[in-house]
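Since the structure comes first, as structure tokens, the remarks are kept for the end.
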Amino acid sequence: MAEMQDINLYLFLSAIMFIIGAAGAITRRNAIVVFMCIEIMLCSSSLLFIVFGRATRTFDGTFMIMFIMTVAAVEAAIGLAIFILMYRKTGSIDLDKFNIMKW
Amino acid sequence: METVLLIILGSLAITGSLMVIFSKNTVHSALWMVSFFFFIAGIYILLHAEFIAMLQLIVYAGAIMMFILYAIMMLNIREELSDRIPVQPLKLAGIALLGFIFLLLLPMVVFGVNHSMLTASGPFTEQIVEKFGHMAVLSNYLFSDFLLPFEITSILLTVGVVGSVMLAKK
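Quick mapping for you: the protein sequence lines, in order, are chains A and D.
In terms of my numbering, the first sequence is numbered consecutively and its last residue is 1153.
In terms of my numbering, the second sequence is numbered consecutively and its last residue is 541.
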């Protein structure tokens, strides 16, 4: 099966996407861009699930993706509601300004 | 042929995700994210997972990104929130640590695939999946063996809707 030849490329792509998403989530100050970088990380792990599901000819990875997608949609809804509350209370969504829990 | 398509789609997806984190304008980031989801859906089609590709386009690129664009519009992002180079040393240390983690991942990705454990031992060969269709196989098991997670995710969606309405109303 051609899957066995390409599996290293898929893993490499997934690793790069995860590192890019993590770097964006650490670096950016805008809360919405941080949320989009979290979605990039979720996409990279979804790709990994489907790749290994296809390599072992099972469907477990595909089921996992259904539930990951649902959880990502719910997380989008509640996260953006929290951003709206943040904006209403303080007038900005700059994450560097939310440091009252710092020691 | 599939390898060439994978390299093209993969490099376009990496470009899209890099432009998400390097764009100064938030709306540009959101549009690059939509293009990223399109390329990921293309990679899913390459993996013979057509239903997941369509679901990705409808749910991620359709619903979630529309939601994010509405939030960008309502929150009225001004240009001073678009930041350039991180000047805080803690953030630079975080990025250096991520680069180190990537260098640690690299030999595992290239050499470490344990092919003896990755045996094609499941029942779903390509012929069976193409005979019944990807969606038919998925839905057959989703409504029989995986019914409990399915119902729990519907409860989760209800909780999400009620919670976000309660959070965002005045």
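Think of the CB as a built atom: it goes at the ideal place given N, C-alpha and C, for glycine as much as any other residue.
Contact between the segment 1099 to 1113 of chain A and the segment 417 to 426 of chain D is established, with three or more Cβ pairs separated by less than 8 Å.
Per DSSP, Asn485/D has no beta bridge partner at all.
Assignment of Asp1056/A by DSSP, reduced to helix, strand and coil, places it in the helix class.
Interface residue (Cβ-Cβ distance to chain A less than 7 Å): Phe514/D is not classified as such. Taking a Cβ-Cβ threshold of 7 Å, the residues of chain D close to Asn1058/A are Val480, Val481 and Val484, in chain order.
Taking 7 Å as the threshold, the shortest C-beta distance from Met404/D to chain A falls below it.
Interface flag for Ile499/D against chain A is unset, since no Cβ pair is found closer than 7 Å.
Collapsing the DSSP output to three states places Asn511/D in a helix. Listed as beta-bridge partners of Asp1144/A by DSSP are Asn1080/A. Sorting Asp1146/A, Arg1079/A and Thr1106/A by C-alpha distance to the C-alpha of Pro494/D places Thr1106/A at the top. For Ala1073/A, the secondary structure class from DSSP, reduced to helix, strand or coil, is helix.
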